[in-house]
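The structure appears below as structure tokens.
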Amino acid sequence: MAAPLDIRPFAADPAAGVGPEAGGAEVRGLTAEAVTDAGVTRAWHAALDAHQILVFRDLDLDADAQVTLLETLGPALVENDAGRGYQFVSNVHEEGILGDERFAHHSDHAFMDEPIDVIALYGLEVPSQGTQTRFVNGMRAAEALPRELRERIGDRRARHIIDPGAESGRIALDGPRRSEALPHAWHPILWEHPRTKAPILYVSEQQTDLVEGLSDEESDALIRSLFDHLYSGRFDYVHDWRPRDLVIWDNRALQHARAAIPAGARRTLRRVSVGGTPVYEYFRSDPKWGLD
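First residue of the sequence shown? That's 21 in this note's numbering, and the numbers climb one at a time after it.
If you want it as structure tokens, here you go:
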């Protein structure tokens, strides 16, 4: 039997990038040998539901162990032609994705009917500075919604849409209305979490551009009011990457963003995802995207 995990909720420290309602916890005591231990699995699963994002520091974890750890939640998403349960978020790896560019806040695959459930990134090659990931906790933001905003939302849905040819750092509201022909899905603005049943404020600056049943003017006003609440800093956790960091987060409850990778910096993270639809499968389902 493995030793019990030491789970330490984040203490609010806005100067260090931890908002007062960020959620999150650091987990100590995990080893690669314990990734299938039943007690360890129960503990970190419960911690993920309670805190929405978990940080493991200085962890020796190869690709197989990372996949095995995440597959205690469900099958790893295969997002590459090699058939592996992992891929590389990298600006230098030959099979890397996402490059150097800036990414606005988003929940991965929100433009699909079933977004990814959980994501884990592991730091393989990380420079000493300039590679932060900013997380925002939509579950805590929903809990803290002012009554007036909650009443304006009601049971409305919002559209999450991407333009594969647009810049990833672009704010969806800050340009012409995107075409209905682009990949999109409609989700409740207050979306019930599938396990905990807690509501999530599910709008993001990268992909949300329209609220169902409102005029364009009313829709934009409501979305911007929600952004003012969500991106106020109260719900932020900014992760400064170090080599051998493992960060696991609930992709529905949280969204994430990053600045552009500095020129000359080398950054490679190994990613394992659970739940949702592989992006290759999604785009290959329609010949207009040119993937075959």
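C-beta: ideal position from N, C-alpha, C; glycine also. All of these numbers come straight from a predicted model, not from anything done at the bench.
Answer yes or no: do residue 38 and residue 32 have a C-beta to C-beta separation smaller than 8 angstroms?
The residue labelled residue 38 in the question sits at position 18 within the sequence shown. The residue labelled residue 32 in the question sits at position 12 within the sequence shown. Cβ atoms of residue 38 and residue 32: closer than 8 angstroms.
Does the segment 212–220 come close enough to the segment 231–240 that 3 or more CB-CB pairs lie under 8 angstroms?
No contact exists between the segment 231–240 and the segment 212–220.
Determine the contact status of residue 244 and residue 207, defining contact as a CB-CB distance below 8 angstroms.
Reading the sequence shown from its first residue, position 224 is the one you call residue 244. Reading the sequence shown from its first residue, position 187 is the one you call residue 207. No; because the gap between Cβ atoms is not below 8 angstroms, this pair is not in contact.
Going by Cα to Cα distance, which pick from 278, 213, 231 is closest to residue 259?
The residue given as residue 259 occupies position 239 in the sequence shown. When each option's Cα is compared against that of residue 259, the closest is 278.
Check the C-beta distance from residue 87 over to residue 267 and give it rounded, since I have them as a contact under 8 angstroms.
Here residue 87 refers to the residue found at position 67 of the sequence shown. Here residue 267 refers to the residue found at position 247 of the sequence shown. Going by Cβ atoms, the distance from residue 87 to residue 267 rounds to 16 angstroms, so no, they are not a contact pair.
Could you say which of 212, 189, 213, 182 lies nearest to residue 199 if we only look at CA atoms?
For the purposes of this step, residue 199 is taken as residue 179 along the sequence shown, with counting starting at 1. Nearest option by C-alpha distance: 182.
Tell me, to the nearest whole angstrom, how far the beta carbon of residue 137 is from that of residue 272; I am working on the premise that it is less than 8 angstroms.
Here the question's residue 137 lines up with position 117 in the sequence shown. Here the question's residue 272 lines up with position 252 in the sequence shown. Confirmed, Cβ separation roughly 7 angstroms.
Kindly indicate which residue of 35, 167, 51, 299 has the alpha-carbon position closest to the one of residue 249.
Against the sequence shown, residue 249 aligns to sequence position 229. When only C-alpha atoms are compared, the closest one is 167.
Do residue 180 and residue 255 have their beta-carbon atoms positioned less than 8 angstroms apart in this structure?
For the purposes of this step, residue 255 is identified with residue 235 of the sequence shown, where counting begins at 1. For the purposes of this step, residue 180 is identified with residue 160 of the sequence shown, where counting begins at 1. Contact: no.
By DSSP, does residue 69 sit in helix, in strand, or in coil?
Locating residue 69 in the sequence shown gives position 49, counting from the first residue. Residue 69 falls in the helix class under three-state DSSP.
How should residue 265 be labelled, buried or exposed, when 16 other C-beta atoms within 10 angstroms of its C-beta is the threshold for buried?
Looking up residue 265 in the sequence shown gives position 245. With 16 or more other Cβ atoms within 10 Å, it is buried.
Quick one: what's got a C-beta closer than 6 angstroms to residue 205's C-beta in the same chain, skipping five residues either side?
Within the sequence shown, the letter at position 185 stands for residue 205. Excluding residues within five positions, the ones whose Cβ falls inside 6 angstroms are 131, 132, 133, 180.
Between 302, 270, 211, which lies nearest to residue 64 when the distance is taken from Cα to Cα?
Working through the sequence shown from its first residue, we reach residue 64 at position 44. The residue with the shortest Cα to Cα distance from residue 64 is 270.
Run through the segment 202–248 for me and flag every whole beta strand (DSSP E) of 3 or more residues, listed as ranges in chain order.
Listed in chain order, the complete beta strand (DSSP E) runs (minimum 3 residues) inside the segment 202–248 are 204–208, 210–212, 219–221, 228–231.
Residue 71 and residue 155 look like a contact to me (Cβ under 8 angstroms); what is the Cβ gap, rounded to whole Å?
Mapped onto the sequence shown, residue 71 falls at position 51. Mapped onto the sequence shown, residue 155 falls at position 135. Contact flag wrong, Cβ pair sits at about 11 angstroms.
For residue 121 versus residue 189, is the C-beta spacing smaller than 8 angstroms?
Here the question's residue 121 lines up with position 101 in the sequence shown. Here the question's residue 189 lines up with position 169 in the sequence shown. Yes; because the gap between Cβ atoms is below 8 angstroms, this pair is in contact.
Give, in chain order, every unbroken run of the beta strand (DSSP E) that is at least 3 residues long and sits entirely within the segment 135–184.
Fully enclosed beta strand (DSSP E) runs of 3 or longer: 138–145, 152–157, 177–181.
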